[in-house]
Structure formats: structure tokens, C-alpha cells
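Step one of this worksheet: look at the structure below.
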Amino acid sequence: ETPQETEAKTSLEIDLQTDTPAAPPVLSPIDPPTNDATVLRLHHAVTPLPSQEVSFRGLDNSDKPPTKYGGAPPDMEKPNFAPTGLLAKEANTVAGTKISLKYHEPPEARKPPSSQQWRLFIFKGPDMLDSVELHTRSCTLLGRAQEVADIVLGHPSSSQQHAAIQFRYITKNVEDEYGVRQKKGKVKPYVIDLESSNGTELNGERLDTGRYVELRDKDILKFGASEREYVVMLPPPER
1 ETPQETEAKT
11 SLEIDLQTDT
21 PAAPPVLSPI
31 DPPTNDATVL
41 RLHHAVTPLP
51 SQEVSFRGLD
61 NSDKPPTKYG
71 GAPPDMEKPN
81 FAPTGLLAKE
91 ANTVAGTKIS
101 LKYHEPPEAR
111 KPPSSQQWRL
121 FIFKGPDMLD
131 SVELHTRSCT
141 LLGRAQEVAD
151 IVLGHPSSSQ
161 QHAAIQFRYI
171 TKNVEDEYGV
181 RQKKGKVKPY
191 VIDLESSNGT
201 ELNGERLDTG
211 RYVELRDKDI
221 LKFGASEREY
231 VVMLPPPER
């Protein structure tokens, strides 16, 4: 080669080395990057991109999945287990009928002792039509509803569930001969009007509805506009 060819070849090799890009630096796993551009590039490489919906709407509810129209889904309505009253109504309904009982016996309801043979005598004028043993049960319901009434009232002025005769165990404090106070109880009959349309009379006086009134021997009851009289009697005990 001539001296001129050798010089040209050397110049071309230098130019080629100058145009070759430098290789990227190799980072050691234990050496933190020092270049800001490298840190930003590494961050984008490991951080997942936001969804299209979040990017478009600017939403960031990472704890709740996005909905079709954006935003976190509304909280679902919690179930309501509060009582509706339907079970109570069903419990008050007489089996096999659609009649709901208006009256329920109180906690102090009791049957009278066998020594107290309470009876109810039914009169129309001077004639006795029937007699009913009251002492065999704690409560006797009177009314026109044949499905539930223990004593059926036939007069149209009577209500379906007109009144009830209820035996109740009543206690009171008494003082003996030594001044010691004791609580004693006794079963007594009471009548209660069940908000009837035409009322209940006891010995000629109309009763307040929904209140217990004590019955005594030979008391006379009348229901509605009926002429029938219902006489409460306590026969003397048999000897």
C-alpha cells in the first residue's frame, strides 16, 4: 500500500468507531441507580398502568372494583330482619279460619278451684233457657262468631267477639293478728268488654270497654240490645 492509502484507511476506522453508540450502563442489583432518567424508566417498567376507565375518569378506588359507568359501586342495601307483624297476626288467627282473636288471656289467668262451681244461667224473661259451667275453664268468650265463641250470642246487635269472662289470680297484702303482713291470693271472675259496638251491661250499668270488672254472685250481664239476661251464680259448696 502507498502511504496515501494507509492514511485513508486509518481515518475511516476512526470515523466508524466515533459513530458507534455507547452501550447502556449495566446496573448492579445492589447498586442504586444514580441517573434520574434511569429511575423514571425503571419505575414505569415495574408499575402497572392504570385501567382505561381510571385514566379517563380520574378515578382511583383501588379497594373497590370500578363499575360500568365509573366510580365505586354503591353499597348494597343491607337485609332488614325487623319484625313485620305478620307472624304475630298468624299466631293470633284461629286454625282453619281467617278470624283473628281480639282477646288473649293475661299472665294471671287461672282456673278456679273445684270448690268454686261458678255457673252462668241464661234467662229470657222468667224462663231459663240454658246454663253454662264457667269453672271448667279459665276464660269464656262470648260473641256471634261461632268459630271462636264459647257462648254464641245470637242477637244481631252483638259483636263477633263481644266480651269475655276471665278468671284471674289476684294477690293482696293482708295483716294477721300478730301484725305480720303476708301476701295472699284468690281466683276471682271478671268480665271485660272487647270494644263491642253496642256495649255490655252489668246490673243495668254500661261497662267501660277494655277494662276488667269483678263479678260477684247473682250479678246480671246483658250484651248489646238483647233482652236475654246472663246471671252469674256461685252455688254453695256441696257437703
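Quick note on full-length UniProt numbering: the sequence shown kicks off at 1 and runs consecutively. Glycine residues also receive a C-beta, built at the ideal position from the N, C-alpha and C atoms.
Coil, strand or helix - A164 by DSSP | Three-state DSSP puts A164 in a strand.
By how many angstroms is the C-alpha of F121 removed from the C-alpha of P236?
-> C-alpha separation (whole angstroms): 15 Å.
Do A163 and V191 have their C-beta atoms within less than 9 Å of each other?
-> Cβ atoms of A163 and V191: closer than 9 Å.
If I'm right that Q116 touches L215 with Cβ under 8 Å, what's the distance once you round it to whole angstroms?
-> Between L215 and Q116 the Cβ distance is about 12 Å, and since that is not below 8 Å, they are no contact.
Mind checking L129: buried by the 16 CB within 10 Å criterion, or exposed?
-> Its Cβ having fewer than 16 others within 10 Å, L129 is exposed.
Beta-carbon proximity of S158 to S196, cut-off 9 Å | Result yes, Cβ atoms of S158 and S196 sit closer than 9 Å.
Taking 9 Å as the cut-off, decide whether the C-beta atoms of residue 254 and S226 are in contact.
-> Residue coverage of the chain in this structure runs from 1 to 239, which leaves residue 254 outside it and unanswerable.
Residue burial classification, V232 (beta-carbon count within 10 angstroms, cutoff 16) | Looking at its Cβ environment, which holds 16 or more other Cβ atoms inside 10 Å, V232 is buried.
From the DSSP output, which residues share a beta bridge with N173?
-> When beta bridges are read from the DSSP output, N173 appears opposite K183.
Hey, how far is the Cα of K184 from the Cα of P156?
-> Separation of K184 and P156 (C-alpha to C-alpha, rounded to the nearest whole angstrom) is 43 Å.
Skipping 5 residues on each side, what residues in its chain have a beta carbon closer than 8 Å to that of E105?
-> Cβ within range, chain order: S138, C139, Q166.
What are the residues that DSSP puts in a beta bridge with T140?
-> The partner list for T140 (beta bridge, DSSP) reads I165.
Span of the beta strand (DSSP E), counted from its first residue to its last, around L221 = Run containing L221: 219 to 223, per the beta strand (DSSP E) assignment.
Using DSSP with H/G/I as helix, E/B as strand and the rest coil, what is P189?
-> Strand, per DSSP.
Give the C-beta separation of Y103 and L141 to the nearest angstrom, bearing in mind that I take them to be a contact with Cβ-Cβ under 8 Å.
-> Correct: roughly 7 Å between the Cβ atoms.
Paired residues, beta bridge with K124 - DSSP | In the DSSP output, where bridge partners are listed per residue, K124 has D127.
Measure the C-alpha to C-alpha separation of Y230 and R110 and round it to an integer number of angstroms.
-> If I take the Cα positions, the gap works out to 22 Å.
Which one or two residues does DSSP pair with R119 in a beta bridge?
-> Under the DSSP definition of a beta bridge, R119 partners with E133, M233.
Going along the chain, which residues of its own chain have a beta-carbon closer than 8 Å to the beta-carbon of D217, five neighbours each way excluded?
-> Taking D217 as the centre and dropping the five residues before and after it, the same chain places the C-beta of V232, M233, L234 closer than 8 Å to its C-beta, in chain order.
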